[in-house]
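So the sequence shown is numbered by this note's numbering: it starts at 0 and just counts up by one.
What follows is a set of notes on a single structure, which appears directly below.
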Amino acid sequence: RGRHRPFCLRGEGKTALQKYIVVLAYVAVGRDVFWFDFDSIWLQNPLEALRAAEARAMQERGVPDTEVFAAIDFDSKNCVMNAFFLVKASRSTRVWLLSLLHWVYKRPFVHDQVAFAQLLGIGPLVDEEPLPRAPVWSPLDPNVFANAARFSGLGFSSQVEDLVLFHFFDGWNSNMPDEVEQWATPVYKGINIFEVVYGGDAEAARAVIAKSRMPPPEKLNDCTYMSSLGLGMELHTGARVEIPTT
């Protein structure tokens, strides 16, 4: 009854679980879900760009098996972000989202984006508990689904007019705008991007978005193997301990 009729769910809890609960609710009734964070601006209808991403993934893999599409860092090939993502409705994605909720619930200290990456098979394990099989996923083009250059590795090299969505990070975690500057680049220091992009001045909005335009990266990082967390924490090769063979 009413399978194709529009309906809305209101998220009430301000928790790391809320995003994934809402997505799971729609997936459970057979709806593909495209999520975009509130601290982003919709510049074009994303439908055409999402269809292009699906077609590109199918061409690369040869079969239409990609179930999750997600934003990535500008300087990477797989450093996943959860500001924008598409989840295709299926039994496997329902199970995956339930596993993601369970994983976050047991680890309330973990940022929800780290959890998202973990359950997609990106990055090292954080503890001894095994992870479920990750769904097949593909990246969304960071020159179309862009992130503001507020942190190292972010930005875009396309024209502003080519962007579909622009994520500008109104806060670092749990919508705490003042906390973001501790880790941010100086690109937007002293600028309230939210007020500019939603202020009604199209030229001012375009100019502030254009501040994130960067040269194309010379090398794309692989987050499957990370030596830096980008927060002043680095991994270095140290002493080796021989493991006895007997």
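Idealized CB from N, CA, C, for every residue including glycine.
Please read these numbers as outputs of a predicted model, since none were measured by experiment.
Margin query: Checking 9 Å against the spacing of the C-beta atoms, do residue 166 and residue 144 come in under that value?
Written below: Cβ atoms of residue 166 and residue 144: closer than 9 Å.
Item checked: Inter-residue Cα distance where the pair is residue 66 and residue 209 -> Taking the straight line joining both Cα atoms gives about 32 Å.
Check: CB-CB under 7 Å to residue 45, same chain, minus the five flanking residues each way: which ones, in chain order?
Finding: 33, 163 and 164
Margin query: Once the 5 residues before and after residue 35 are set aside, which same chain residues still bring their CB inside 6 Å of it?
Written below: Excluding sequence neighbours, residue 35 sits near 83 and 164.
Check: Among residues of its own chain, excluding the 5 on either side of residue 22, which ones have a beta-carbon nearer than 7 Å to its beta-carbon?
Finding: 32, 34, 86 and 96
Next item on the list: Would you kindly work out how many angstroms separate the C-alpha atoms of residue 154 and residue 74, rounded to a whole number?
Entry: 8 Å
Next item on the list: Enumerate in chain order the residues of its own chain whose CB-to-CB distance from residue 52 is below 6 Å, with the five nearest sequence positions on each side excluded.
Entry: Excluding the 5 residues flanking it on each side, residue 52 has same chain C-beta neighbours closer than 6 Å at 68 and 139, in chain order.
Margin query: Spatial neighbours of residue 8 within its chain, please: C-beta separation below 6 Å, excluding the five flanking residues on both sides.
Written below: For residue 8, where only same-chain residues beyond five positions count, the Cβ hits under 6 Å are 21 and 24.
Margin query: Among 191, 185 and 81, whose alpha-carbon lies nearest the alpha-carbon of residue 169?
Written below: 191
Notebook entry, point to check: Quick one: is the Cβ of residue 138 within less than 8 Å of any heavy atom of the ligand NAD?
Noted result: This structure does not include the ligand NAD; it has no bound ligands of any sort.
Checklist line | The alpha helix (DSSP H) enclosing residue 206, as first and last residue numbers | finding: 201 to 209
Checklist line | Same chain only: Cβ atoms within 7 Å of residue 98, ignoring 5 sequence neighbours per side | finding: 118 and 131
Check: To the nearest angstrom, how far is it from the Cα of residue 18 to the Cα of residue 57?
Finding: So the two alpha carbons sit approximately 27 Å from each other.
Notebook entry, point to check: First and last residue of the beta strand (DSSP E) that includes residue 82?
Noted result: 79 to 86
Check: What residue ranges within the region 33 to 66 form continuous beta strand (DSSP E) runs of no fewer than 3 residues, ordered along the chain?
Finding: Within the region 33 to 66, the complete beta strand (DSSP E) runs of at least 3 residues are 39 to 41.
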